[in-house]
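Novice: First, the structure itself, so that you have it in front of you.
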Amino acid sequence: MGKGKYSRQRGIASKILIFLVSAIAIIATSSSLIFFNVPSYVYSNMVGLFIFSLYFGTAQSLVFVCIMQIIMMKTGLATEFLSYSFVLWVTNVLIIKIAQGGIPKRIAKNRNYNLIAVIVASVVLMAILSKPVSVAAFNWIQGGGRSFEGFINKEFIIEQLKIFGLSGIVTFIFYKIFNRFDV
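If you count by full-length UniProt numbering, then the sequence shown holds residues 1 to 183, one letter each, in order.
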């Protein structure tokens, strides 16, 4: 009986830790530009969102995005709920979950190879699709006319690969740390 209770408590503690690490990563990167002169691949990274989305399901990840958007509004980092960054986060969660669902669970006997395949697929898909899909969705929601100009060119995709590639590498490092401590 005690073992089950311990296991359940440990599972809850692990989920809380992942939530906190993910939330802190999002808040830190979102506010970094306010305090420091940092390159775009630092303040635009998706580490917190990536970590959370890999550990939790689609519904939980979308709820997490809503919670983070509310926190951003309360702290003054966002001015409206349906902002472009919110739409971008939702788009990226969906891309990560599609990549995660599209990679066969047994791509390799090693879980690390499976995770690497999911991260690489997510990074490539986000670099190509994230901004255009987010802008299209935001235009549809807001009735606005944000331009698609410049999204599908080599320089833009390389810049996006830097941003999402760094996010993927840091996410993999956190995954290894969490596994090391049995989170």
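Glycine residues also receive a C-beta, built at the ideal position from the N, C-alpha and C atoms.
Does the Cβ of V21 have 16 or more other Cβ atoms within 10 Å, making it buried, or fewer, making it exposed?
Specialist: Here residue 21 is taken as the residue at index 21 of the sequence shown, counted from 1. Buried, since its Cβ has 16 or more Cβ neighbours within 10 Å.
Novice: What does the Cβ neighbour count give for T75, buried or exposed, with the cut at 16 atoms within 10 Å?
Specialist: One-based indexing of the sequence shown puts residue 75 at position 75. The residue in question, T75, is exposed, as its Cβ has fewer than 16 Cβ neighbours within 10 Å.
Novice: Starting from N114, trace the alpha helix (DSSP H) in both directions and tell me its first and last residue.
Specialist: For the purposes of this step, residue 114 is taken as residue 114 along the sequence shown, with counting starting at 1. Where N114 is concerned, the enclosing alpha helix (DSSP H) stretches over 111-125.
Novice: Let me know the alpha helix (DSSP H) ranges lying completely inside the region 27-102, each 4 residues or longer, listed in chain order.
Specialist: 40-43, 47-55, 58-74, 84-102
Novice: Closest to V124 by C-alpha separation, out of A28, Y175, N92, A78, would be which residue?
Specialist: To locate residue 124, count along the sequence shown from 1; it is residue 124. Closest by alpha carbon: N92.
Novice: Could you check where the alpha helix (DSSP H) with N139 kicks off and where it finishes?
Specialist: The residue given as residue 139 occupies position 139 in the sequence shown. It spans 131-142 - the alpha helix (DSSP H) in which N139 sits, taken as one unbroken run.
Novice: Evaluate F52 with the Cβ neighbour count: other Cβ atoms within 10 Å of its Cβ, from every protein chain shown; 16 or more gives buried, anything less gives exposed.
Specialist: Residue mapping note: residue 52 aligns to position 52 of the sequence shown, counting from 1. Buried, by the Cβ-count rule.
Novice: State the start and end residues of the unbroken alpha helix (DSSP H) segment that holds I158.
Specialist: Numbered from its first residue, the sequence shown carries residue 158 at position 158. Here the alpha helix (DSSP H) through I158 covers 154-180.
Novice: When you compare each of Q142, F64, F36 to I24 by their alpha carbons, which one comes out closest?
Specialist: On the sequence shown, position 24 is the one that residue 24 refers to. That would be F64, whose Cα lies nearest to the Cα of I24.
Novice: Using a threshold of 8 Å, state whether the C-beta atoms of S61 and K97 are closer than that.
Specialist: Looking up residue 61 in the sequence shown gives position 61. Looking up residue 97 in the sequence shown gives position 97. A contact, by the Cβ cut-off of 8 Å.
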